[in-house]
Amino acid sequence: LSNHGIEATMMDGMMSASTEFFWRPLEDKQRYTNLIGGEQFQFEGYGNDRVRSPDQILDWSDRLYLKVGPEDERHITLWPTHPQNFRDVLHVFTKKCGRVKDDLLQAMAKLLDLDNDEYFVDQLGEKAETNVRCSYYPQCPRPELVCGLKPHCDGTVLTILMVDDSVGGLQVLRDGVWWDVPIVPRTLLVIIGDQTEVHLS
């Protein structure tokens with residue numbers, strides 16, 4: 001998606017803030033851990049995904065997962081304060097992504113000849129949940145043994161993904177073939193989530 005209305009400076013600022021967070025010392029990042037009491041997993045916070053068994057193959061990635069909407073349900077204590085602009089940049093960036101999401105849903109409704117362009121937006125309601133996931137893939141000593149992120153579907157309505165302009169590797173599965181997603185600077189990748197696919201089928 002190009003011409004999406006999010007300024008290049010805003011995208012660069014979000015990428016820079018998240019990168020700077022991941023480069024901080026581990027003890028700083030663990031202030032926002034997704035483990036309650038060091039054991040009980042919660043989706044929000046910094047860390048890895050849930051470990052369900054000792055035999056589980058883990059993704060080789062760090063992640064920061066935060067609820068950004070509705071705004072009155074944010075757990076702001078899990079939002080990093082370093083870099084100092086992280087919270088402000090994330091707030092503005094996700095608001096702009098929200099407008100992109102609404103525009104896309106309205107366009108989809110129009111293209112499907114639905115009676116109301118707001119059909120999908122109305123389905124979400126005024127308290128739609130929106131989450132952000134910042135992912136970092138550190139160097140791995142045995143890259144042939146791991147995936148940065150295992151093959152998966154997005155269980156969402158829409159995923160709006162800002163890809164690092166300098167790091168490739170993202171693939172999508174279509175008709176049994178894995179296709180490389182090209183890097184196109186300053187664009188957003190839109191993934192139709194499971195909820196939308198079920199609704200449309």
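Each residue of the sequence shown is one higher than the one before, starting from 1 at the first, in the UniProt record's numbering.
We put the CB at the ideal spot given by N, CA and C, even for glycine.
Is it buried or exposed, residue i, if we count other Cβ atoms within 10 angstroms and call 16 or more buried?
i	result
residue 157	buried
residue 101	buried
residue 97	buried
residue 176	exposed
residue 29	buried
residue 36	exposed
residue 5	exposed
residue 47	buried
residue 160	buried
Is the beta carbon of residue i less than 9 Å from the beta carbon of residue j?
i	j	result
residue 121	residue 111	no
residue 49	residue 63	yes
residue 119	residue 61	no
residue 194	residue 153	yes
residue 128	residue 117	no
residue 68	residue 131	yes
residue 155	residue 93	no
residue 146	residue 58	yes
residue 151	residue 173	yes
residue 7	residue 83	no
Cα-Cα, which of the options is closest to residue i?
i	options	result
residue 79	18, 125, 57	18
residue 10	142, 89, 172, 135	89
residue 166	6, 16, 143	16
residue 135	7, 99, 22, 58	22
residue 123	7, 40, 196, 43	196
residue 190	182, 162, 173	162
residue 164	139, 183, 174	183
So, for residue i: in the same chain, excluding its five sequence neighbours on each side, which residues have a beta-carbon less than 8 Å away from its beta-carbon?
i	result
residue 87	76, 79, 80, 81
residue 74	66, 67, 68
Excluding the 5 residues preceding and the 5 following residue i in the sequence, name in chain order all residues of the same chain whose CB lies nearer than 7 Å to its CB.
i	result
residue 187	1, 2
residue 169	148
residue 45	32, 33, 34, 65, 78
What does a CB cutoff of less than 6 Å around residue i pick up in its chain, not counting 5 residues either side in sequence?
i	result
residue 178	171
DSSP beta-bridge partners for residue i?
i	result
residue 62	136
residue 174	177
residue 183	Paired residue(s): none; residue 183 is not in a bridge.
residue 191	159
residue 46	33, 64
residue 40	36
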